[in-house]
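Okay, so here's the structure we're looking at.
2 protein chains.
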Amino acid sequence: MSPARTTAGAPISSIGRGIAVLGCFNERRRALTLSELSEKSLLPMSSTHRVVAELVAGGFLVRGSDRRYRIGTRVWSIGQLAPVSDQLRHRALPTLARLYEETGENITLAVLDRGQALYVDRIGGERSVHTASRAGGHLPLHTTGVGKVLLAWQSPEAIEKYLSRPLTRTTPYSIVDPVKLKTELVETKNRGYAIARQESTAGNGSVAVPILRGGRCVAAVGVVAHLTHMDIPRLVEVLQQASDSIRKELEDDH
Amino acid sequence: MSPARTTAGAPISSIGRGIAVLGCFNERRRALTLSELSEKSLLPMSSTHRVVAELVAGGFLVRGSDRRYRIGTRVWSIGQLAPVSDQLRHRALPTLARLYEETGENITLAVLDRGQALYVDRIGGERSVHTASRAGGHLPLHTTGVGKVLLAWQSPEAIEKYLSRPLTRTTPYSIVDPVKLKTELVETKNRGYAIARQESTAGNGSVAVPILRGGRCVAAVGVVAHLTHMDIPRLVEVLQQASDSIRKELEDDH
DNA sequence: ATGAAGGTTCCAATGACCGGAACATTACTC
DNA sequence: GAGTAATGTTCCGGTCATTGGAACCTTCAT
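Going down the list, the protein sequences come from chains A and B.
Counted the way the numbering used here counts, the first sequence spans residues 19 to 272.
Counted the way the numbering used here counts, the second sequence spans residues 19 to 272.
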């Protein structure tokens, strides 16, 4: 019997399998059957069954009455301890709320996570447009304001690496040409803020600025609005004030 | 070489070890060294090292510049998919906010998780008292209003099981006598709400009501306030309205 | 009833995992 | 800055947990 291996031939550890199973869940797929988990995790049914049983025993998965598996409460609980939630999220929240009061639009806070923009928080209400971002959700780096900021402030090597892989086209306006995107990123860093126009959602645009600490971009704040509503100079101004404000919050203690 | 075993002699799976390592983190200990993880997880250093390396590779742990390990962003991200966050938390938030407006006190929402009260959300500001509860944090079931509610609506067997283990004394007012606690739980269920008086924090009291779905108590909402501020009949009334409101939210779709 | 899909259990083979020991690095002491 | 303790990392042979195919059971649709 050949042991578990990736397509590349490297063995996969048991823990890696557990993580692979948990990684099958996303915003679109919150409740999965065993077969679905087996298919998505590329593990045989019997292996999936065992791994899932162990995750259930540990409280990392729960089986609902519909025989589907969901992420367990314990993962949520442990996840609350992550620095992104503990430090960034809580400290930025008041500033994001103020930003929302000032603009009436969707406010997003994102960090770089595994080559994507991870939305740490989103404040928005009925007044504002519907957006694709959600707290906890991921979006590509090249189709949103916050994503472009996060990418533009990366090292040149990291940027090249990102550009070397095919860029997904989310809307007809998405920039999928590496050369054009590179120009866009340079421009973004030079002017200090990013703009996206219908590159992620039709009709929507966004403006975003970095939150810098020690020269590194630790997060990005952005505003998402109907393209027709967007008063870019004003948004850039309030965003830069907010970015300063969050940076100071983060510096305060520790 | 004897394999990994629990004190009872049962073997521990690799995935169980990974979960054990992640379980070492809590609100008080968010950044742990390898030695600390080894000590707390009861695993040998070399095993801890390997397990930790795998968790880091999977994005479940990160090593900071201080050589300490923290919970990775990915756990937070996956945890956002847990029903507790997805359904309960988001749906209850507006009601909790209203409750806060009405009372000006700390509002807590908790569920039963592994024999403890898990605080799913807390709304409170400068006006309200300082409490021990935090979103993501755990507290004993017998020292808080929400805890008593969650326990009182459990099956008689589950209650007996809880009472059979020694009850921690958090303050001099904590009820640690199983007989007295049982009486208190019966009383709680009969009247439909729980009261705690300085049993968790000196000077503070709390009132809490269940959120019932199909006869089961799926969560508890509570108000924490200075004992001297507490107008119990009024709090019970607004809490019961809030409970109804949240129940309806949960019933709405799906 | 019948069949198909999904889920669970069984089991022999084996290689991933185990942890002690040796080594390397960092942090602390004087 | 040398000495030393504490912490972290690598190595490696033995072994047992892990693995996945196959058989079996359950659920659901028709």
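Note that the Cβ used here is the ideal one computed from N, Cα and C, for glycine as well.
Please read these numbers as outputs of a predicted model, since none were measured by experiment.
Helix, strand or coil for residue i? Go by DSSP, reduced to three states.
i: L99/B; result: coil
i: D131/B; result: strand
i: A49/B; result: coil
i: L185/B; result: coil
i: S192/A; result: coil
i: P62/A; result: coil
i: Y137/B; result: strand
i: N44/B; result: coil
i: S224/A; result: strand
i: R145/A; result: The pLDDT assigned to R145/A is 48, lower than 50, so where the model puts this residue is not dependable; a value taken from the coordinates is nonetheless given after this. R145/A: coil per DSSP, three-state reduction.
i: I30/A; result: coil
i: A260/B; result: helix
i: L159/B; result: coil
i: R231/B; result: strand
So which of the options has the shortest CA-CA distance to residue i?
i: T91/A; options: K207/B, P101/B and D84/B; result: P101/B
i: D139/A; options: L159/A, V194/A, R107/A and L55/A; result: R107/A
i: I177/B; options: L203/B, L157/B and T161/B; result: L203/B
i: Q259/B; options: V93/B, S59/B and P228/B; result: P228/B
i: L111/A; options: S173/A, E72/A and A153/A; result: A153/A
i: V69/B; options: A170/A, G36/A and R48/A; result: G36/A
i: T189/B; options: A170/B, H160/B and Q105/B; result: H160/B
i: L253/A; options: V239/A, I264/A and R265/A; result: V239/A
i: D265/A; options: P251/A, G232/A and H247/A; result: Per the sequence shown, residue 265/A should be read as Arg rather than Asp. Nearest option by C-alpha distance: G232/A.
Please list, in chain order, all residues of the same chain as residue i whose beta carbon is under 7 Å from its beta carbon, the five residues on each side excluded.
i: R145/B; result: With a pLDDT of 48 at R145/B, under the threshold of 50, the modelled position of this residue cannot be trusted, and the question is left open.
i: R81/A; result: V74 and Y87
i: L181/A; result: P196, L199 and K200
i: L114/B; result: I125, L127, D139 and I141
i: S103/B; result: G97
i: H67/B; result: L52
i: R132/A; result: none
i: E269/B; result: none
i: T186/B; result: P158
Give every residue of the same chain whose Cβ lies closer than 8 Å to the Cβ of residue i, excluding the five residues on either side of it in the sequence, and list them in chain order.
i: L245/B; result: R215, Q216, G221, N222 and G223
i: T24/B; result: Low confidence applies here, because T24/B scores a pLDDT of 39, under 50, leaving its location unreliable and the question unanswered by this model.
i: C42/A; result: L50, E54, L55, K58 and S59
Residues in the same chain with beta-carbon distance under 6 Å from residue i, minus the five sequence neighbours each way, listed in chain order, please.
i: A212/B; result: G163, K166, V167, T206 and A226
i: V256/B; result: E120
i: G155/A; result: E45 and Y137
i: V93/B; result: F78
i: W171/A; result: P228 and C235
Could you give the distance in angstroms between the alpha-carbon of residue i and the alpha-carbon of residue j?
i: Y191/A; j: T219/A; result: 9 Å
i: L117/B; j: R234/B; result: 23 Å
i: A135/B; j: T126/B; result: 11 Å
i: N44/B; j: G142/B; result: 22 Å
i: P184/A; j: V194/A; result: 8 Å
i: E267/B; j: A237/B; result: 13 Å
i: P158/B; j: D249/A; result: 51 Å
i: L79/B; j: V129/B; result: 26 Å
i: L230/B; j: E57/B; result: 41 Å
i: D262/A; j: R209/B; result: 52 Å
i: S65/B; j: S32/B; result: 10 Å
i: A71/A; j: V242/A; result: 42 Å
i: G34/B; j: G76/A; result: 7 Å
i: R85/B; j: E54/B; result: 12 Å
i: A38/A; j: A49/A; result: 15 Å
i: K179/A; j: S173/A; result: 10 Å
i: M63/A; j: R47/A; result: 19 Å
i: L40/B; j: I89/B; result: 7 Å
Hey, is residue i close to the ligand ADP, as in C-beta under 6 Å from one of its heavy atoms?
i: E255/A; result: The ligand ADP is absent from the structure shown, which contains no ligand whatsoever.
Check each residue of the region 39-70 of chain B: if its Cβ is closer than 8 Å to any Cβ of chain A, include it; give the result in chain order.
L40, G41, F43, N44, E45, R48 and V69
Residues of the region 85-105 of chain B with Cβ closer than 8 Å to any Cβ of chain A, in chain order:
Taking 8 Å as the Cβ-Cβ cut-off against chain A, the residues of the region 85-105 of chain B that qualify are R88, I89, G90, T91, R92, V93, W94, S95, I96, G97, Q98, L99, A100, P101, V102, S103 and D104.
What residues from the region 238-254 of chain B come within 7 Å of chain A, judged by C-beta to C-beta, listed N to C?
none
Beta carbons nearer than 8 Å to chain A: which residues of the region 128-140 of chain B have them?
Those would be V129, D131, R132 and L136, in chain order.
Near-chain A residues of the region 202-213 of chain B - C-beta to any C-beta below 8 Å:
none
Could you list the residues in the region 148-173 of chain B with a C-beta less than 9 Å from some C-beta on chain A, going in chain order?
Of all residues in the region 148-173 of chain B, R152, A153, G154, G155 and H156 have a Cβ within less than 9 Å of some Cβ in chain A.
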